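Going by my numbering, the sequence shown runs without a break in its numbering and finishes at 243. Glycine is no exception: its CB is placed at the ideal position from the N, C-alpha and C atoms. Owing to the predicted nature of the structure, the values given are computational and were not obtained by experimental measurement.
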Amino acid sequence: MFLQHRNKRKYGAIQFDFSTRQTKEIEFDFKLKKEAYIEALSKDNKLYLLTLEKNSSNLNIYTFNDLKQSKNKINLDFEYRIKDIHSKDLHEMLLSPNGMSSSIEVEKIDNQVPISIEMASATNKLYKTLNGFDLSLDKSIFETFIISVNLKNYTAEIKQFEKPKYSSLDDYHSNSFLLDDNIYQVVANSNELYFEVKNRNSNEVLKNIFLTKDEEFNFKNTPIIQDKEGDWFAPHRELEKNV
């Protein structure tokens, strides 16, 4: 069993010997050097620790297998952008979008269990896949970037999916979610909402929805409920319109 300290700086393992009913605790001699922690995931009885060299697009993957440790580096240079045409490195794309923190923010998503709105609305999300993981980036106002990493051969593929076009001049928010072979993208503000579903392999648009704030929801098949958790004074509402 692999273990991680809550400070994300110390790692170890516990060996179980069921024949002797004994355990052995081991702490790995491992420290991050000029790297930012992204996430850790276990797969096929291996622990993968993902870090990023600061101010770069170099992804380091530390693999712990049967108490053996190895390191693989993948260069993920790409023309990432946020609000203008100037290219950014991956480290800047993963930093907190609100500018209040210099730490990397990535939410690990498991589509096999219910996902909270807070998790689904994260700007950067990591999804475990059959051969590795997908990392989605939504800091850009222009497109969603998806980095697909294969942990069997330590290779990566980067794709970008243009976000739905919008007409409003007001500020807006955008995000995406990955499920199976599709990407679900939304762009919205208090006046308009654009929603689009694309096939990730063909880039074909499978569904699109446009709503203004005065329109009724014409696509729902269950009540859409607004309920503020922990707020006793906020009314329980079933929304009929986009306001």
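(request) Please go through the same chain and pick out, in chain order, the residues whose beta-carbon is closer than 7 Å to the beta-carbon of Asp171, but skip the five residues on each side of it. (result) Here residue 171 corresponds to residue number 171 of the sequence shown, with the count starting at 1. For Asp171, same chain residues with a beta-carbon under 7 Å away, outside a window of 5 residues either side, are Asn189 in chain order.
(request) Can you tell me which of the three DSSP states His91 falls into? (result) Position 91 of the sequence shown, counted from the first residue, corresponds to residue 91. If DSSP states are grouped into helix, strand and coil, His91 belongs with the helices.
(request) Check whether the Cβ atoms of Asn124 and Glu107 sit closer than 8 Å, and answer yes or no. (result) Along the sequence shown, one-based indexing puts residue 124 at 124. Along the sequence shown, one-based indexing puts residue 107 at 107. Contact: yes.
(message) Within 8 Å of any Cβ in chain B, is that where the Cβ of Glu27 sits?
(response) Among the protein chains of the structure shown there is no chain B, as only one such chain exists.
(message) Considering Cα atoms alone, identify which of Leu137, Ile117, Asn131, Asp77 is closest to Ile104.
(response) Residue numbering aside, residue 104 sits at position 104 when the sequence shown is read from its first letter. Of the candidates Leu137, Ile117, Asn131, Asp77, the one whose C-alpha sits nearest the C-alpha of Ile104 is Leu137.
(message) Which of the three DSSP states is assigned to Ile38 in this structure?
(response) As a working mapping, residue 38 is identified with position 38 in the sequence shown. If DSSP states are grouped into helix, strand and coil, Ile38 belongs with the strands.
(request) Note down the Cα distance separating Leu49 from Phe16, rounded to an integer number of angstroms. (result) Position 49 of the sequence shown holds residue 49. Position 16 of the sequence shown holds residue 16. Note on geometry: alpha-carbon atoms of Leu49 and Phe16 lie some 22 Å from one another.
(request) Please list, in chain order, all residues of the same chain as Ile141 whose beta carbon is under 6 Å from its beta carbon, the five residues on each side excluded. (result) Counting from 1 along the sequence shown, the entry for residue 141 is found at position 141. If we look at Ile141 and ignore the five residues flanking it on each side, its Cβ neighbours are Lys83.
(message) Checking the sheet assignment: what are the DSSP bridge partners for His86?
(response) To locate residue 86, count along the sequence shown from 1; it is residue 86. In the DSSP output, where bridge partners are listed per residue, His86 has none listed.
(message) Is any non-hydrogen atom of the ligand FAD found closer than 7 Å to the C-beta of Lys43, if you look at the structure I gave you?
(response) The model depicted lacks the ligand FAD and carries no ligand whatsoever.
(message) Check this for me: beta carbons of Gln150 and Tyr127, under 8 Å apart or not?
(response) Within the sequence shown, the letter at position 150 stands for residue 150. Within the sequence shown, the letter at position 127 stands for residue 127. Looking at the sequence shown, residue 150 is not Gln but Asn. Not closer than 8 Å, so no.
(request) Note down, one range per segment and in chain order, each alpha helix (DSSP H) of at least 4 residues found wholly within the segment 136–205. (result) Look at the segment 136–205 and you find no whole run of alpha helix (DSSP H) that is 4 residues long or longer.
(request) In angstroms with no decimal places, state the Cα-to-Cα distance between Leu95 and Ser19. (result) As a position in the sequence shown, residue 95 is number 95, starting the count at 1. As a position in the sequence shown, residue 19 is number 19, starting the count at 1. Distance between the alpha carbons of Leu95 and Ser19: 47 Å.
(message) So Ser167 and Val186 are supposed to be a Cβ contact under 8 Å. How far apart are they, rounded?
(response) Counted from its first residue, the sequence shown places residue 167 at position 167. Counted from its first residue, the sequence shown places residue 186 at position 186. In this structure Ser167 does not touch Val186 by the C-beta definition: roughly 15 Å separates them, more than the 8 Å allowed.
(message) Am I right that Glu53 and Asn45 are in contact with their C-beta atoms under 8 Å? What's the rounded C-beta distance?
(response) Residue numbering aside, residue 53 sits at position 53 when the sequence shown is read from its first letter. Residue numbering aside, residue 45 sits at position 45 when the sequence shown is read from its first letter. Rounded, the Cβ-Cβ distance is 27 Å, inconsistent with contact.
(request) For the alpha helix (DSSP H) containing Ile74, list its first residue and its last residue. (result) As a working note, residue 74 is residue 74 in the sequence shown. Premise fails: Ile74 lies in the beta strand (DSSP E), 68–75, not in any alpha helix (DSSP H).
(message) For Asn58, list the residues DSSP reports as bridge partners.
(response) On the sequence shown, residue 58 is found 58 positions in, with the first residue counted as 1. For Asn58, DSSP records a beta bridge to Asn75.
(request) Could you check which residue in Tyr37, Asn182, Asp89, Phe30 has the C-alpha nearest to that of Asp134? (result) In the sequence shown, counting from the first residue as 1, residue 134 sits at position 134. Here the closest residue by C-alpha is Asn182.
(message) Looking at Ser57: is its Cβ nearer than 8 Å to the Cβ of Phe30?
(response) In the sequence shown, counting from the first residue as 1, residue 57 sits at position 57. In the sequence shown, counting from the first residue as 1, residue 30 sits at position 30. Their beta carbons are not under 8 Å apart, which means Ser57 does not touch Phe30 by this criterion.
(request) Specify, as a first and last residue, the run of the alpha helix (DSSP H) that Glu118 falls within. (result) Numbered from its first residue, the sequence shown carries residue 118 at position 118. 117–120 is the span of the alpha helix (DSSP H), which, as asked, contains Glu118.
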